[in-house]
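In the numbering used here, the protein residues as written are 362 to 579. We treat Cβ as the ideally placed atom computed from N, Cα and C, and that holds for glycine. What follows is one structure encoded as C-alpha cells, with my remarks underneath.
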Ligand code: DC
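What follows is the structure, given as C-alpha cells:
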C-alpha cells in the first residue's frame, strides 16, 4: 500500500515545525522533525567533546545513538535514555547541528533512520532535503521560506516570550550564517525540489500557511 508523504523543506525559522505539526495533526499522519535528529546528534557530539570536524568520529556517534520520540502534544526526545528535550531548541544546538549536518558520512548514516518514519496512514516530513533526497517520491512537496529579517524577528520574539535574553542583530547574523552553511554544503544542500510548491510566509499568518498546505493535499 502506498504511504502518502508531504515534505516541507525550507530555512530555519520559516515556520516549518509549527505548520508541519498542525498539518500532521489535522490529517492524523505521522510527523518527522528531521532537524531534531541532527540536533540530537549535535548534543551527543558536544557531550562527548568530539571534534566536530572529525567526520568518522561524528558518523560513529550518529550510528550509535538511540533516539526515542514521544510525539504527544509536546515532543519529548530521549537520547540513549536521557531526556534532552530542554536542550533541543537552544540556538547553540541548532548552530552545531548545522555544522555536523554538513558531513556526508553523517547524512548517509542518518538516511535510513529518517526513511523509517514513512508509515501508514501517512507522513509529514520537515527539514532541508526531505523532498530532494530522503523522500524524492513524495506526492506533495512544499518549500516554505520567509525573509531572513522576518525569520530573525520571529525567533527573537519567541525567545523574549520565553524569558530568554536575546539580541536581534546577533540572531539575524546567526540565521544568515546558518542559511549559508545549509545551502552551500556539497551533500544534500537546502534547495527547493523542482516539483515543490513555493510559499513565502514573510507577510502571512501561520494559520493562512497551514490552510494553503492543507488545500494542496485535498
Ligand atoms: O530545522 P532545524 O533548525 O531544527 O535544523 C537544525 C539544523 O540541522 C539545520 O541548520 C541543518 C540541519 N538539518 C539538515 O541538514 N537537514 C535536515 N533535513 C534538517 C536539518
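DSSP three-state assignment for residue i, whether helix, strand or coil
i	result
residue 549	coil
residue 523	coil
residue 376	coil
residue 455	helix
residue 540	helix
residue 481	coil
residue 489	coil
residue 428	strand
residue 506	strand
residue 561	strand
residue 498	coil
Environment of residue i [buried if 16+ CB atoms lie within 10 Å]
i	result
residue 475	buried
residue 523	exposed
residue 659	Nothing can be reported for residue 659: it is not among the residues displayed for the chain, which extend from 362 to 579.
residue 555	exposed
residue 544	exposed
residue 399	buried
residue 431	exposed
Residue i beta carbon near the ligand DC (any heavy atom closer than 7 Å)
i	result
residue 376	no
residue 399	yes
residue 489	yes
residue 453	no
residue 624	One cannot answer for residue 624 here, as it falls past the ends of the chain, which runs 362 to 579.
residue 539	yes
residue 543	yes
residue 563	no
residue 410	no
residue 373	yes
residue 459	yes
residue 462	yes
Given residue i as reference, the closest of the options once Cα atoms are compared
i	options	result
residue 487	426, 553 and 530	553
residue 550	556, 557, 541 and 558	541
residue 573	407, 503, 511 and 429	503
residue 526	507, 452, 509 and 493	452
residue 386	369, 519, 485 and 417	485
residue 373	508, 521, 579 and 568	508
residue 417	499, 368 and 470	470
residue 379	568, 577 and 576	568
residue 389	544, 513, 531 and 433	433
residue 377	365, 394, 467 and 366	394
residue 515	533, 501 and 440	533
residue 566	511, 536 and 478	511
residue 481	397, 391, 384 and 383	391
Start-to-end residues for the alpha helix (DSSP H) that takes in residue i
i	result
residue 400	395-408
residue 573	567-578
residue 447	446-449
residue 471	465-476
Terminal residues of the beta strand (DSSP E) in which residue i lies
i	result
residue 438	436-440
residue 366	365-370
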